[in-house]
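One structure below.
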Ligand SMILES: [Zn+2]
């Protein structure tokens, strides 16, 4: 079950007894999804918990029978990952059922269409509420276009109904693929833990890769809106999604691949200790030396808050970070 769930989310072992926790593959968050003794639950969208069939039904949105078929087809793949040939044969014999690779391709295609349609809607007569939300967050139209933001309604997993949201695609570095799609519900009354959901099948590795240009300095943040705010003032910036994203092996590996292109790095997470922990891990990676990695923390204001208050550039300058003004 852990192996199956890890295809949809990143899990950390949290106890010696074999309990795992991480973001929910359906509704996101940071650690609301737990697996123990082949049972899972999500604090937000699936508190009653379930078994492996329930998990497949939840993630793939299929019937009990279809979930059983997926598991029957996929289980040999899970237990014998190394024998790629047999799983490929397996796949051709079950072309009508969902295998891991086909699921991913289906995700790319579905996400690409959703991103295109919601991006058009954001700029259409129906997009007023979305544009107003983004303006209130201090983001300019060029930024919406760069990040290919969208607006529309999508299923809220807790409220069990469609609600208006900003669609935030996580694009690949070459801008060709949507690797993940997050929804930021715009109702201002929503409590913090109900503001985001994740399209099932998303892989949240690093956000903002497609916006990177040659620069001296890289800023690493959590949260897509912080990343967009810093990009808007001219900084090369990526987001790990959340600070727990920094614990994902795939995220750390991709981040370390980026580092040699930059002379200095600032890590700016909400929590100073999490930021320091990430800094310690990347300092181990060549060619970075300790004095080239700076750690900041959001005390009362994060980058997006400071952008809205028109204090972001002054704050950055006070930490020795000066964006290239030609990008402003
Ligand atoms: Zn959930």
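Residue numbers (my numbering): 48 to 375.
From the three backbone atoms N, C-alpha and C, an ideal C-beta is built for every residue, glycine too.
In this structure the stretch 304-323 does not lie against the stretch 226-244, because fewer than three pairs of beta carbons, one per stretch, are closer than 8 Å.
According to DSSP, residue 332 shares a beta bridge with no other residue. By the C-beta criterion, the stretch 215-225 is judged not to be in contact with the stretch 171-180, since fewer than 3 inter-stretch pairs fall below 8 Å. If you compare the alpha carbons of 240, 255, 206, 183 with that of residue 215, the shortest gap goes to 255.
With a beta-carbon spacing of about 16 Å, residue 359 and residue 267 fall beyond the 8 Å limit used to define contacts. Here residue 55 carries a coil assignment [DSSP, helix/strand/coil]. In this structure, the straight-line span from the alpha carbon of residue 170 to that of residue 58 is close to 37 Å.
Annotation: the continuous beta strand (DSSP E) that includes residue 209 extends over 208-218. If you check the CB distance, residue 161 and residue 278 do not come in under 8 Å.
Residue pairing by DSSP places residue 228 opposite 216 in a beta bridge. Only residues of its own chain outside the window of five on either side were considered, and among them 73, 74, 92, 244 have a CB closer than 6 Å to the CB of residue 204, listed in chain order. Residues whose Cβ lies closer than 7 Å to any heavy atom of ligand 1, listed in chain order: 71, 73, 74, 76, 79, 80, 89, 91, 92, 93, 204.
Considering only 70, 350, 85, the residue with the shortest C-alpha distance to residue 64 is 85. When DSSP states are grouped into helix, strand and coil, residue 252 belongs to the coil group.
In this structure, the CA atom of residue 210 is about 20 Å from the CA atom of residue 182.
When the beta-carbon positions are compared, residue 114 and residue 104 come within less than 8 Å of each other.
Distance between residue 327 and residue 321, taken at the CA atoms: about 10 Å. Excluding residues up to 5 positions away in sequence, 231, 232 lie with their Cβ nearer than 8 Å to the Cβ of residue 242 in the same chain. A Cβ-Cβ contact shorter than 8 Å links residue 100 with residue 111.
In its chain, beyond the 5 residues on either side, 283, 309, 312 have a beta carbon closer than 6 Å to the beta carbon of residue 265. For residue 99, the enclosing alpha helix (DSSP H) starts and ends at 99-107.
One Cα belongs to residue 301, the other to residue 253, and the distance between them is close to 8 Å. Straight across, the Cα-Cα distance linking residue 286 with residue 259 is about 12 Å.
For residue 301, the uninterrupted alpha helix (DSSP H) segment begins and ends at 296-305. Around the CB of residue 185, 16 or more other CB atoms lie within 10 Å, so the residue is classed as buried. Assignment of residue 79 by DSSP, reduced to helix, strand and coil, places it in the strand class. Closest option to residue 240, judged by alpha-carbon separation, among 51, 79, 274: 79. Counted as a single uninterrupted DSSP element, the alpha helix (DSSP H) harbouring residue 175 occupies residues 175-183.
Per DSSP, the unbroken beta strand (DSSP E) holding residue 344 starts and ends at 340-344. If the five residues before and after residue 351 are omitted, its C-beta is found closer than 8 Å to the C-beta atoms of 184, 185, 270, 272, 273, 275, 276, all from its own chain and listed in chain order. The shortest C-alpha to C-alpha distance from residue 187 to any of 354, 370, 365 is the one to 354. Distance from residue 53 to residue 158 at the Cβ level is roughly 20 Å; contact not present, criterion being Cβ atoms closer than 8 Å.
Under a 10 Å Cβ-count criterion, residue 60 is classified as exposed, with fewer than 16 other Cβ atoms of the shown protein chains found around its own Cβ. Going by DSSP, residue 164 is part of the alpha helix (DSSP H) stretching over 147-169.
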